[in-house]
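Colleague:
Here it is, written out as structure tokens:
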């Protein structure tokens with residue numbers, strides 16, 4: 301090959317000399333492969349040495365593909381989130397109707413709750429409760445201040461009083 305192209309001698313001088321000595325047969329195989337490659341290059345119109353040496357296909361980076369896939373996945377997740385929130389806001393949960401009784405200083409009030417529970421609310425107190433306990437697992441009220449409760453019996457649905465410090469649970473268990 302060097303006899304055919306003496307201008308490539310400079311390039312061969314740059315070839316590393318520290319490689320292991322090859323057998324004569326493998327050296328001939330390599331030269332034949334290089335010659336076949338050079339012929340292909342000449343037929344394609346590329347005859348200069350730099351083109352021959354850089355003719356090896358460059359490894360294409362997969363980074364743009366990976367970045368594109370990540371971006372596409374992120375957009376799909378964002379779209380799903382927007383659709384979910386839109387549907388959720390379109391159909392808000394029905395508001396639970398609540399009643400609230402407030403007593404002034406120096407007075408007391410007696411209330412009968414929808415389940416039949418009687419409540420005596422002391423002065424400067426407040427009681428919040430739902431208008432109906434039907435379809436609920438618990439009968440829950442919120443108390444601020446002082447009150448006395450005469451809780452109606454319900455063996456299935458416990459009565460819970462929420463205060464700012466504790467929650468009181470009243471549950472009648474029937475024994476037979």
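Residue numbers (the numbering used here): 301 to 476. Here a beta-carbon is modelled for each residue, glycine too, at the ideal position from N, C-alpha and C. If you're wondering where the values come from, they're calculated on a predicted model, not measured in any experiment.
Taking 6 Å as the limit between beta carbons, can you name the residues of its chain near residue 443, skipping five residues before and five after?
Modeller: Correct list, in chain order: 427, 461, 463.
Colleague: Considering only DSSP beta bridges, list what residue 440 is partnered with.
Modeller: In DSSP, residue 440 forms a bridge with 460.
Colleague: Could you check whether residue 422 and residue 484 sit closer than 9 Å to each other, using their CB atoms as the reference points?
Modeller: Any property of residue 484 remains undetermined from this structure, which presents the chain solely from 301 to 476.
Colleague: Is it right to say residue 367 is buried, meaning 16 or more other beta carbons lie within 10 angstroms of its own, or is it exposed?
Modeller: Flag for residue 367 reads exposed.
Colleague: For residue 412 and residue 419, what's the separation of their Cα atoms in angstroms?
Modeller: When rounded, the distance between both Cα atoms is 6 Å.
Colleague: Would you grab the beta carbon distance between residue 399 and residue 429 for me? Rounded to a whole angstrom, and I think it's under 8 Å.
Modeller: Yes, they are in contact, since the Cβ atoms of residue 399 and residue 429 sit about 6 Å apart, within 8 Å.
Colleague: By alpha-carbon positions, which one of 433, 302, 374 ends up nearest to residue 416?
Modeller: For residue 416, the nearest C-alpha among the options comes from 433.
Colleague: Out of 331, 327, 326, 325, state which residue places its alpha-carbon closest to the alpha-carbon of residue 304.
Modeller: Closest option to residue 304, Cα to Cα, is 331.
Colleague: Mark residue 403 as exposed unless 16 or more other C-beta atoms lie within 10 angstroms of its C-beta, in which case mark it buried.
Modeller: With 16 or more other Cβ atoms within 10 Å, it is buried.
Colleague: Give me the Cβ distance between residue 458 and residue 438, rounded to the nearest whole Å; I'm assuming they're in contact under 8 Å.
Modeller: At roughly 5 Å, the Cβ-Cβ gap stays under 8 Å, so residue 458 and residue 438 are in contact.
Colleague: Verify whether the separation of the beta carbon atoms of residue 431 and residue 379 is less than 9 Å.
Modeller: Cβ distance not < 9 Å, so residue 431 and residue 379 don't count as in contact.
Colleague: Along the chain, which unbroken stretches of the beta strand (DSSP E) at least 3 residues long are found entirely within the region 400-456?
Modeller: Runs of the beta strand (DSSP E) inside the region 400-456: 409-412, 418-421, 426-430, 439-444, 447-450.
Colleague: Where does residue 469 sit, in a helix, a strand or coil, going by DSSP?
Modeller: In this structure, residue 469 counts as strand in the three-state DSSP scheme.
Colleague: Measure the Cβ-Cβ separation of residue 436 and residue 424 and say whether it is below 9 Å.
Modeller: Taking 9 Å as the Cβ cut-off, residue 436 and residue 424 do not qualify as a contacting pair.
Colleague: Rounded to whole angstroms, what's the CA-CA distance from residue 456 to residue 470? Just pull it up for me.
Modeller: Residue 456 and residue 470: Cα-Cα distance of roughly 11 Å.
Colleague: Cutting at 7 Å between CB atoms, please list the residues of its own chain near residue 452, excluding the five before and the five after it.
Modeller: If we look at residue 452 and ignore the five residues flanking it on each side, its Cβ neighbours are 415, 416, 417.
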